[in-house]
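Notes for the one structure printed next.
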Amino acid sequence: MKLHIIHDQAADEPEITVVCREINDDVQRIVAAVNSVNCRLTGSKDGQTFIIQPSEVIYIDTADKKIFIYTRSEVYETQLRLYELEKQLPSSEFFRANKSCIAGIKHIRSVKADIDGRLLLTMDSGDKLWVSRQYAASFRKKIGM
Amino acid sequence: MRKVQIIPSVAEIFTLSVIFISIFNAILRGNAEELSQISEIFALCGEGISLKALAEFLIVSVVTALVKYLWFSDRFFKNMLMPLRITFMLMSIFLIAGVACVVFHWFPWDMWQAWAGFIFSFLISTLLSFTIMMAESAIESRKYSLALTQYQDSNSSNGEEGDKNESRD
């Protein structure tokens, strides 16, 4: 894969063009990486609003109809719906673990298959999340199993 | 949990039943005459399994597969916990096998030794099944760990390459 970076003082903002014969996994990963650069989440805590980098997000969970973003040290509340967050976040780095949770793939410390087809994830924070049978198949596909 | 598919499940149960009975037939061949008096499974005196017994095994296999499908399908019990599903399935299979023993005269219903043997065999089979299931889960977990590590490595190395290229310029 070739990478050309052209400095152009006239450019208003960075522009990326991908030239490829077909849109394969590598290309999709590039697109996801580019999208992740633009992606910023906002979450509130103690009445203040914070900008959160997607790479900091370990998982996003729902409790009492509220959505919370979990990072290594903080928990933020967001007004966005889970499906909206799912659309915003880079798909190569996040996946839907169950109806109420989105997990960050790079923050999974271990995965254990249960006899009922669910998966138990232990995240970097030590928190445990279940991947329901419904979403286990897409997770399998995503990690290339 | 793998989805229970009825026809492969019937084939699996039927094949295993026939294999086990064939092994028992071979082991108990010396007592075949005596056994043929008390069990229809050994009606051919150790020379094989009768067509009638095979048909009975097939019926039991079909019913067992349907029961497995019933307990493991989300269509009927959507939010049932797995231990509960397994318990109910085992109880159902125990009941089906027990009824089949009486209805098909696999052994005399008033013979306690036969019932003791039946319960013992059932417990051993259950234990074996659990062991196999646990081993399968452990293998599956290893596969997941491997695939996940590879995915995480490939994603992080992509990111690092990008960083390196950026810094070069």
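Just so you know, the protein sequences line up as chains C and Z, in that order.
If you're matching positions, the first sequence starts at 0 in numbering that gives the first Met the number 0 and goes up one per residue.
If you're matching positions, the second sequence starts at 0 in numbering that gives the first Met the number 0 and goes up one per residue.
All C-beta atoms, glycine included, are put in the ideal place defined by N, C-alpha and C.
- Task: Just confirm the distance between the C-beta atoms of Leu88 (chain C) and Thr77 (chain C), as a whole number of angstroms; I'd bet it's less than 8 Å.
- Result: Numbered from 1 along the first sequence, position 89 holds the residue referred to as residue 88 (chain C). Numbered from 1 along the first sequence, position 78 holds the residue referred to as residue 77 (chain C). Incorrect: roughly 12 Å between the Cβ atoms, too far for contact.
- Query: If we ignore side chains and look at the alpha-carbon of each, how far apart do Pro7 (chain Z) and Ala64 (chain Z) end up?
  - Reply: Taking the first residue of the second sequence as position 1, residue 7 (chain Z) is located at position 8. Taking the first residue of the second sequence as position 1, residue 64 (chain Z) is located at position 65. The straight-line gap from Cα to Cα measures roughly 9 Å.
- Are the stretch 137–152 of chain Z and the stretch 3–23 of chain C in contact at 8 Å, needing three or more beta carbon pairs? In the pairwise beta carbon analysis, the stretch 137–152 of chain Z is classified as not touching the stretch 3–23 of chain C: fewer than three pairs are separated by under 8 Å.
- Decide if the stretch 56–69 of chain C is in contact with the stretch 101–108 of chain C; the criterion is three or more beta carbon pairs, one per stretch, under 8 Å apart. yes
- Are the stretch 46–58 of chain Z and the stretch 12–29 of chain Z touching by the rule of at least three beta carbon pairs closer than 8 Å? Contact between the stretch 46–58 of chain Z and the stretch 12–29 of chain Z is present: three or more C-beta pairs spanning the two stretches fall below 8 Å.
- Task: Indicate whether the contact test is met: 3 or more Cβ pairs, each with one atom in the stretch 108–121 of chain C and one in the stretch 62–69 of chain C, closer than 8 Å.
- Result: no
- For Lys1 (chain C), decide whether its Cβ has a neighbour in chain Z, counting only Cβ atoms nearer than 8 Å. Taking the first residue of the first sequence as 1, we reach residue 1 (chain C) at position 2. Taking Cβ atoms only, chain Z never reaches closer than 8 Å to Lys1 (chain C), which makes this a no.
- Task: For Ser51 (chain C), I'd like the list of residues in its chain whose CB is within less than 8 Å of its CB, leaving aside the five on either flank, ordered along the chain.
- Result: By 1-based counting over the first sequence, the position of residue 51 (chain C) is 52. First, the amino acid is wrong: residue 51 (chain C) is Ile here, not Ser. Cβ neighbours of Ile51 (chain C) beyond the five flanking positions: Arg39, Leu40, Thr41, Gly42, Ile68, Thr70 and Tyr75.
- Query: Along chain Z, in chain order, which residues have C-beta atoms closer than 7 Å to that of Ala112 (chain C)?
  - Reply: Start at 1 with the first residue of the first sequence, and residue 112 (chain C) comes out as number 113. Within chain Z, the residues near Ala112 (chain C) are Ser136, Glu139, Ser140 and Tyr143.
- Item | Residues that Ile101 (chain C) bridges to, as DSSP identifies them | Taking the first sequence and counting its residues from 1, one reaches residue 101 (chain C) at position 102. The partner list for Ile101 (chain C) (beta bridge, DSSP) reads C:Ile59 and C:Arg95.
- According to the neighbour-count rule (16 or more other Cβ atoms, all chains shown, within 10 Å of its Cβ), is His106 (chain C) buried or exposed? Numbered from its first residue, the first sequence carries residue 106 (chain C) at position 107. Buried.
- Message: With a threshold of 6 Å on Cβ separation, who are the neighbours of Val9 (chain Z) within its own chain once the five nearest residues in sequence on each side are excluded?
- Response: Residue numbering aside, residue 9 (chain Z) sits at position 10 when the second sequence is read from its first letter. So the list reads Ser60, Val61 and Ala64, once near-sequence residues are dropped.
- Beta-carbon of Gly103 (chain C) versus every beta-carbon of chain Z: anything under 8 Å? By one-based count along the first sequence, residue 103 (chain C) stands at place 104. Not flagged as an interface residue toward chain Z: Gly103 (chain C), since no C-beta distance is shorter than 8 Å.
- Item | Candidates Z:Ser38, Z:Leu80, Z:Ile26 and Z:Ala54, of which the one nearest Trp108 (chain Z) by Cα | Start at 1 with the first residue of the second sequence, and residue 108 (chain Z) comes out as number 109. Minimum Cα distance to Trp108 (chain Z) is reached at Z:Ser38.
- Task: Pick helix, strand or coil for Lys44 (chain C), following the three-state DSSP scheme.
- Result: Stepping through the first sequence from its first residue, residue 44 (chain C) is reached at position 45. In the structure shown, Lys44 (chain C) sits in a strand (DSSP, three-state: E or B).
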